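Single-structure report; data block below.
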Amino acid sequence: MSVVTEVSPDGHKLTISIKGRFDFGRHQEFRESYERLNQKPDSIVVDLKEATYLDSSALGMLLLLRDHAGGDQSDIRVVNSSNDVKKILAISNFDKLFDIS
64 MSVVTEVSPD GHKLTISIKG RFDFGRHQEF RESYERLNQK PDSIVVDLKE
114 ATYLDSSALG MLLLLRDHAG GDQSDIRVVN SSNDVKKILA ISNFDKLFDI
164 S
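Following the numbering used here, the numbering of the sequence shown begins with 64 at its first residue and continues without gaps.
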């Protein structure tokens, strides 16, 4: 499984970890990782520590996650990004939409 989901014991925080390629092939799995929850979390962390590749489909999936989580009111952090991924996210102005580290 290349998308691993972990919900905090209190249900307030969702962590989605991506392993391997973050591309269109992960679309269904990524979407299900947050849509199947009974309770909408207060914050979401997308952990890219083990992501080896990110393409424009991944950017679109992050935008869909943001919309699902409440748009401008959402609390989404993208963490453990490689320098190359940080550059892609910055060029795409995602640093204005997400907390990226």
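Backbone N, C-alpha and C fix where the C-beta goes; we use that ideal spot for every residue, glycine too. In this text the structure is predicted, and so the values were computed from the model without any measurement.
Backbone secondary structure at K103 - three-state DSSP: In the sequence shown, counting from the first residue as 1, residue 103 sits at position 40. Coil at K103, not helix or strand.
Quick check on the burial criterion: 16 or more other C-beta atoms within 10 angstroms. Buried or exposed for S96? Start at 1 with the first residue of the sequence shown, and residue 96 comes out as number 33. It counts as buried.
Mapping the DSSP letters down to three states, classify L160 as helix, strand or coil. Walking along the sequence shown from the start, residue 160 turns up at place 97. Residue state, collapsed to three classes: coil.
Fully enclosed by the region 84 to 149, which beta strand (DSSP E) runs are 3 residues long or longer? Taking only runs of at least 3 residues, the beta strand (DSSP E) segments lying wholly in the region 84 to 149 are 106 to 117 and 139 to 142.
Residue nearest to G74 in terms of C-alpha spacing, selected from A132, N101, G83 and S164: Taking the sequence shown and counting its residues from 1, one reaches residue 74 at position 11. The option with the nearest alpha carbon to G74 is N101.
Look up I81 in the DSSP assignment and give the residues it is bridged to. Reading the sequence shown from its first residue, position 18 is the one you call residue 81. Note: I81 sits in a beta bridge opposite V66.
Since I163 and D138 should fall inside the 8 angstroms C-beta cutoff, what is the C-beta to C-beta distance between them, to a whole number of angstroms? Start at 1 with the first residue of the sequence shown, and residue 163 comes out as number 100. Start at 1 with the first residue of the sequence shown, and residue 138 comes out as number 75. That belief does not hold up - the Cβ atoms of I163 and D138 are roughly 13 angstroms apart, past 8 angstroms.
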